[in-house]
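What follows is a single structure, written as structure tokens, with notes after it.
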Amino acid sequence: MTKAARGDDSAFAALVDRCQAGLIQYLTLMCGDPPEAEDLAQEVFVRLYRRRAHYEPVAKLKTYLYHIARNLLKDRYRRKHRRGADISLEAPDPQGVALSEKLVGDRPDPHHLEKLSLYDLIGKLPEGQRDVLLLNSVEQLTYPEIAQILEIPIGTVKTRMFFAVRKCRELLGR
């Protein structure tokens, strides 16, 4: 990122290539709409690019990216909530297709059915627990990084993770 901050566009392009897939996956799970997740990820990188000259490496770049993504999700929620739109992971899109169907497709092999159950399970968690679980399990972020992204104390991250795991076990019947 320091090269990109000094105007090296190829360094910025490499950064996008390295981080984009994980960011899109996180945003898809959070907003339930893969095309919109791609748009949000693009907006994350646009904002990063615009602010590149002012970037201060006080935390990991990944933490900074997910912080931007989280703020964009909050803005999206506020806009949709004002209009009364449902943005649940379980809600169907305008064509009547649930997120889990979009992500899994119509292939009925066991691995895809397992993935379907996982997405349904994640969709049943409260937002705060879902955030912590996805950032830790999918994005491999540490508790301090998650706390920084979500702007909450580390103790709250631990508590949310505990309850997310407990709820998942409960829903799985374990």
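Here UniProt numbering is used: the first residue of the sequence shown is 1, the next is one more, and so on.
No residue lacks a Cβ here, since even glycine has one placed at the ideal position from N, Cα and C.
Residue i in three-state terms, based on DSSP
i: K158; result: helix
i: D8; result: coil
i: M30; result: helix
i: P57; result: coil
i: Q25; result: helix
i: S88; result: Low confidence applies here, because S88 scores a pLDDT of 46, under 50, leaving its location unreliable and the question unanswered by this model.
Limits of the alpha helix (DSSP H) - the one that residue i falls within
i: D131; result: 127-133
i: I149; result: 143-150
i: Q42; result: 34-50
Own chain, CB closer than 7 Å to residue i, minus 5 neighbours either side, in chain order
i: D131; result: L150
i: E36; result: none
i: C168; result: L121
i: M161; result: V132, L133, N136
i: P144; result: I154
i: L113; result: Only weak support is given to the placement of L113: the predicted model assigns it a pLDDT of 37, under 50, and the value that follows is read from those uncertain coordinates. Around L113: no qualifying Cβ.
Residue i classed as buried or exposed, judged by whether at least 16 other C-beta atoms fall within 10 angstroms
i: A21; result: exposed
i: A53; result: exposed
i: V44; result: buried
i: L172; result: exposed
i: A98; result: Residue confidence is low: A98 scores 48 on pLDDT, short of 50, so the model does not pin down where it sits. Its coordinate-derived value is still stated next. Under this definition A98 is a buried residue.
i: G7; result: exposed
i: A41; result: buried
i: Q129; result: buried
i: D33; result: buried
i: A164; result: buried
i: R76; result: buried
Contacting residues, own chain, Cβ-Cβ under 8 Å from residue i (five flanking each side not counted)
i: A147; result: P153, I154, T156, V157
Residue j beta carbon less than 9 Å from that of residue i
i: L134; j: M30; result: yes
i: L65; j: L23; result: yes
i: A69; j: L15; result: no
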